[in-house]
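K.L.:
Heads up: the sequence lines are chains A and B, in that order.
As numbered in the numbering used here, the first sequence has no gaps in its residue numbers, which increase by one up to the final residue, 197.
As numbered in the numbering used here, the second sequence has no gaps in its residue numbers, which increase by one up to the final residue, 197.
Number of protein chains: 2
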Amino acid sequence: MKSEILKYLSKYTKVTNELESAIIKSTFIESFKKGTILLNAGDISNECYFLLKGCIRSYIIENGEEKTIEFYTEEQVVTPFNYGKSTPSNYYLECTENVIVSVGNPKLEKETFLQYPQLESLSRVIAEVIMAKNQDSFAKFKTSNPEERYLNMLKERPELIQRVPQHQIASYLGIKPESLSRIRKRIINKK
Amino acid sequence: MKSEILKYLSKYTKVTNELESAIIKSTFIESFKKGTILLNAGDISNECYFLLKGCIRSYIIENGEEKTIEFYTEEQVVTPFNYGKSTPSNYYLECTENVIVSVGNPKLEKETFLQYPQLESLSRVIAEVIMAKNQDSFAKFKTSNPEERYLNMLKERPELIQRVPQHQIASYLGIKPESLSRIRKRIINKK
DNA sequence: ATAATTTCTTAACTATAGTCAATGAATTGA
DNA sequence: TCAATTCATTGACTATAGTTAAGAAATTAT
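(1) Measuring only the C-alpha atoms, how far is T118 of chain A from E184 of chain A?
(2) Just to confirm the assignment, what range does the alpha helix (DSSP H) spanning T93 of chain B have?
(3) For G70 of chain A, count the other beta carbons within 10 Å of its own beta carbon; 16 or more makes it buried, fewer makes it exposed. Which is it?
(4) Any chance you could list the beta strand (DSSP E) runs of at least 3 consecutive residues sitting entirely within the stretch 25-98 of chain B, in chain order?
(5) Considering E135 of chain A, what are the terminal residues of the alpha helix (DSSP H) in which it resides?
(6) Could you check the C-alpha separation between L125 of chain B and G110 of chain B for me, to the nearest Å?
(7) Measuring alpha carbon to alpha carbon, tell me which residue in A:I50, A:L99 and A:F144 is nearest T42 of chain A.
(8) Just mark R4 of chain A as buried or exposed, buried being the case when its beta carbon has 16 or more other beta carbons within 10 Å.
(9) Of the residues B:R188, B:P152 and B:I189, which one's Cα is nearest the Cα of Y178 of chain B?
(10) Give the residues of chain B in contact with A138 of chain A, contact being defined as C-beta atoms less than 7 Å apart.
(11) State the beta-bridge partners of E100 of chain B as determined by DSSP.
(12) By the DSSP assignment, the alpha helix (DSSP H) with I11 of chain B in it spans what residues?
(13) So, helix, strand or coil for I181 of chain B, using DSSP?
(14) Express the C-alpha separation of E36 of chain A and I106 of chain A in angstroms, rounding to a whole number.
(15) Here's a check: name, in chain order, each residue in its chain whose Cβ is nearer than 7 Å to the Cβ of K73 of chain B, leaving out the five neighbours to either side.
(16) Name, in chain order, the residues that DSSP records as bridge partners for I106 of chain A.
(17) Please state if the CB of P112 of chain A and the CB of L46 of chain A are separated by a distance shorter than 9 Å.
(18) Rounded to the nearest angstrom, how far is the Cβ of Y14 of chain A from that of E81 of chain A, given a contact under 8 Å?
(19) Specify whether the stretch 125-139 of chain B and the stretch 125-141 of chain A touch according to this definition: at least 3 beta carbon pairs, one from each stretch, less than 8 Å apart.
(20) Which bits of chain B does A133 of chain A rub up against, with CB to CB less than 7 Å?
(21) Which value, in whole angstroms, describes the spacing of the CA atoms of P123 of chain A and Y89 of chain A?
(22) Select from the stretch 140-174 of chain B all residues with a C-beta closer than 9 Å to any C-beta belonging to chain A, and list them in chain order.
(23) What is the rounded straight-line gap between the Cα of I181 of chain B and the Cα of Q121 of chain B?
(24) Would you tell me roughly how many angstroms separate the C-alpha atoms of E26 of chain A and E26 of chain B, rounded to the nearest one?
(25) Under 9 Å, CB to CB, which of the residues in the stretch 102-127 of chain B have a partner in chain A?
(26) Using a threshold of 9 Å, state whether the C-beta atoms of I50 of chain B and S92 of chain B are closer than that.
(27) Contact criterion: CB-CB distance below 9 Å. Does I75 of chain B meet it with respect to chain A?
(28) Measuring alpha carbon to alpha carbon, tell me which of A:Y78, A:H173 and A:E162 ends up nearest Y55 of chain A.
(29) When burial is assigned at 16 or more other CB atoms within 10 Å of the CB, is S143 of chain B buried or exposed?
(30) Quick one: is E76 of chain A buried, meaning 16 or more other Cβ sit within 10 Å of its Cβ, or exposed?
(31) So which residues on chain B does I66 of chain A lean against when the C-beta distance must stay under 9 Å?
(32) Once the 5 residues before and after I189 of chain B are set aside, which same chain residues still bring their CB inside 7 Å of it?
(33) Would you call T5 of chain B buried or exposed, if buried means 16 or more other Cβ atoms sit within 10 Å of its Cβ?
(34) Along chain A, in chain order, which residues have C-beta atoms closer than 9 Å to that of G180 of chain B?
(35) Using CA atoms only, rank isn't needed, just tell me which of B:K40, B:F38, B:G60 and B:P94 is closest to G48 of chain B.
(36) State the DSSP-derived secondary structure class of K113 of chain B, mapped to helix, strand or coil.
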């Protein structure tokens, strides 16, 4: 399992033996059952995750309604908004499937970074890449309408549509389930 | 002017004398006239900015239409999506006012980080904070409708509404200028 | 296996955003 | 300062999303 992490990091840097052992030492693996809530709104978040297997969903509850913010799948990093800070989370993290993750926490991180400065450097680079991707998806979301968003999702993350229920996809796209149903129908008729 | 940067950084860390001189050495200030394009779509981006004075807007052109992604104002960091990478930018950066910025580039950054590792550490922390904020605004955008987005903007960035033209705000909110005009009318009538 | 629950689809209706066109207001440039 | 240009508002009309309600389909639990 840990080799998945090394494979991921090797996209960003040459993984030396030293780095490899640093990772292996400072990393531990955990499994969670489908349905497990990893973080509750109102709680302090003290863990971040690297997803090895499964799917994690972040969502908020507004007027009694769940609104999906993001779906995380294999090889994605899940860092709660306020990871390592003392402010409570405003959203939930839920396993929508059985999940295997590599877990990090601020204390462990700090120690590791002190001992292996190149890991902090790597962390910064990866944080910047993720940030760029986030900005990119935000831009795409803003500049498209619901139908385009769904088509884009079909193109970019087709497997996700098979893995998660449609009403969660709807809220992820910023619309109601009924609308997504109609959009799907519209698309089929257009073909 | 440089003291503004130190003031900003002091929110995240104790600014030691060493850090202060590191910043001062590795930083230079530039001014740009209103209307200046700092980055063109298709170009490689080689600079990032810390905004000391003025406003910078990022936008893309889609079907001949400008769509505003973000407005950056005082004390904000402008890092192009692909800053330091060799892939061309997919969007524009434009000064919507006369602008004073502190400029960074990857080469300078690299040298500075080598010499002052605590600055890289600080960079990572700030990157994470910005990331969290981005995720937060994305979540807010997704979970609200155009009217709520405008009301939220009125609350969060009231000065911005005075500073930039309304059709740019409309595209920033993901709607057409005519719709924003109607939303404003609706809000006034509700009061 | 069957009942209970949840999810998805459809329909009728309402509210709001998009489109196109016209006009008035504000800004910019010579 | 006046003309030209850009920007904001309004109206009429269209398209699409939200709402409510009902029923079908799929999933889950006993």
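Where is the CB? At the ideal position from N, CA and C, for every residue including glycine.
Just so it is clear, the structure is predicted and the values come from calculations on it, not from any experiment.
P.N.:
With the structure as the only source:
(1) In the first sequence, the residue the question calls residue 118 of chain A occupies position 112. In the first sequence, the residue the question calls residue 184 of chain A occupies position 178. Going by the C-alpha atoms only, they are around 48 Å apart.
(2) Taking the first residue of the second sequence as position 1, residue 93 of chain B is located at position 87. Neither: T93 of chain B is in no alpha helix (DSSP H) and is coded neither H nor E.
(3) For the purposes of this step, residue 70 of chain A is taken as residue 64 along the first sequence, with counting starting at 1. Exposed: under 16 other Cβ atoms inside 10 Å.
(4) 34-38, 43-45, 54-59, 62-68 and 71-78
(5) Within the first sequence, the letter at position 129 stands for residue 135 of chain A. Checking the sequence, you will find Val at residue 135 of chain A rather than Glu. Run containing V135 of chain A: P123 to K148, per the alpha helix (DSSP H) assignment.
(6) Reading the second sequence from its first residue, position 119 is the one you call residue 125 of chain B. Reading the second sequence from its first residue, position 104 is the one you call residue 110 of chain B. Spanning the two alpha carbons is a distance of roughly 13 Å.
(7) Position 36 of the first sequence, counted from the start, is the residue given in the question as residue 42 of chain A. The option with the nearest alpha carbon to T42 of chain A is A:L99.
(8) Outside the modelled stretch of chain A, which goes from 7 to 197, sits residue 4 of chain A, for which no answer is possible.
(9) Indexing the second sequence from 1 puts residue 178 of chain B at position 172. Nearest option by C-alpha distance: B:P152.
(10) Mapped onto the first sequence, residue 138 of chain A falls at position 132. What A138 of chain A touches in chain B: F87 and N88.
(11) Along the second sequence, one-based indexing puts residue 100 of chain B at 94. Note: E100 of chain B sits in a beta bridge opposite B:I43 and B:R63.
(12) Along the second sequence, one-based indexing puts residue 11 of chain B at 5. Element bounds for I11 of chain B: K8 to L15.
(13) Here residue 181 of chain B is taken as the residue at index 175 of the second sequence, counted from 1. Looking at I181 of chain B - three-state DSSP - the assignment turns out to be coil, as it is neither helix nor strand.
(14) Translated into the one-based positions of the first sequence, residue 106 of chain A becomes position 100. Translated into the one-based positions of the first sequence, residue 36 of chain A becomes position 30. Approximately 6 Å, taken between the alpha carbons.
(15) By one-based count along the second sequence, residue 73 of chain B stands at place 67. Here the set comprises Y65, I66 and S177.
(16) Along the first sequence, read from residue 1 onward, the residue named residue 106 of chain A stands at position 100. The partner list for I106 of chain A (beta bridge, DSSP) reads A:S37 and A:K59.
(17) Working through the first sequence from its first residue, we reach residue 46 of chain A at position 40. Working through the first sequence from its first residue, we reach residue 112 of chain A at position 106. The identity of residue 46 of chain A in the sequence shown is Asn, whereas the question assumes Leu. No. Outside cutoff.
(18) Within the first sequence, numbered from 1, the residue matching residue 14 of chain A stands at position 8. Within the first sequence, numbered from 1, the residue matching residue 81 of chain A stands at position 75. Between E81 of chain A and Y14 of chain A the Cβ distance is about 6 Å, and since that is below 8 Å, they are a contact.
(19) yes
(20) Counted from its first residue, the first sequence places residue 133 of chain A at position 127. Chain B residues near A133 of chain A: R130, A133, E134 and M137.
(21) The count along the first sequence starts at 1 and reaches residue 123 of chain A at position 117. The count along the first sequence starts at 1 and reaches residue 89 of chain A at position 83. Their backbone Cα atoms lie some 20 Å apart in a straight line.
(22) N140, Q141, D142, S143, F144, A145, F147, K148, T149, S150 and N151
(23) Here the question's residue 181 of chain B lines up with position 175 in the second sequence. Here the question's residue 121 of chain B lines up with position 115 in the second sequence. C-alpha separation (whole angstroms): 47 Å.
(24) Translated into positions along the first sequence, residue 26 of chain A becomes position 20. Translated into positions along the second sequence, residue 26 of chain B becomes position 20. So the alpha carbons of these two residues sit roughly 35 Å apart.
(25) F119, P123, E126 and S127
(26) As a first step, residue 50 of chain B must be located in the second sequence, where it is residue number 44. As a first step, residue 92 of chain B must be located in the second sequence, where it is residue number 86. Contact: yes.
(27) The residue labelled residue 75 of chain B in the question sits at position 69 within the second sequence. Judged by the 9 Å Cβ criterion, I75 of chain B is in contact with chain A.
(28) As a working note, residue 55 of chain A is residue 49 in the first sequence. Comparing Cα positions, the closest option is A:Y78.
(29) Here residue 143 of chain B is taken as the residue at index 137 of the second sequence, counted from 1. Flag for S143 of chain B reads exposed.
(30) Indexing the first sequence from 1 puts residue 76 of chain A at position 70. Buried, since its Cβ has 16 or more Cβ neighbours within 10 Å.
(31) Residue 66 of chain A sits at position 60 when you count from the first residue of the first sequence. Here the neighbours are A145 and T149.
(32) The residue labelled residue 189 of chain B in the question sits at position 183 within the second sequence. Cβ neighbours of I189 of chain B beyond the five flanking positions: P152, E153 and Y156.
(33) Outside the modelled stretch of chain B, which goes from 7 to 197, sits residue 5 of chain B, for which no answer is possible.
(34) As a position in the second sequence, residue 180 of chain B is number 174, starting the count at 1. Simply F147, K148, T149, S150 and N151.
(35) By 1-based counting over the second sequence, the position of residue 48 of chain B is 42. The option with the nearest alpha carbon to G48 of chain B is B:P94.
(36) For the purposes of this step, residue 113 of chain B is taken as the residue at position 107 of the second sequence. Of the three classes helix, strand and coil, the one that applies to K113 of chain B here is helix, per DSSP.
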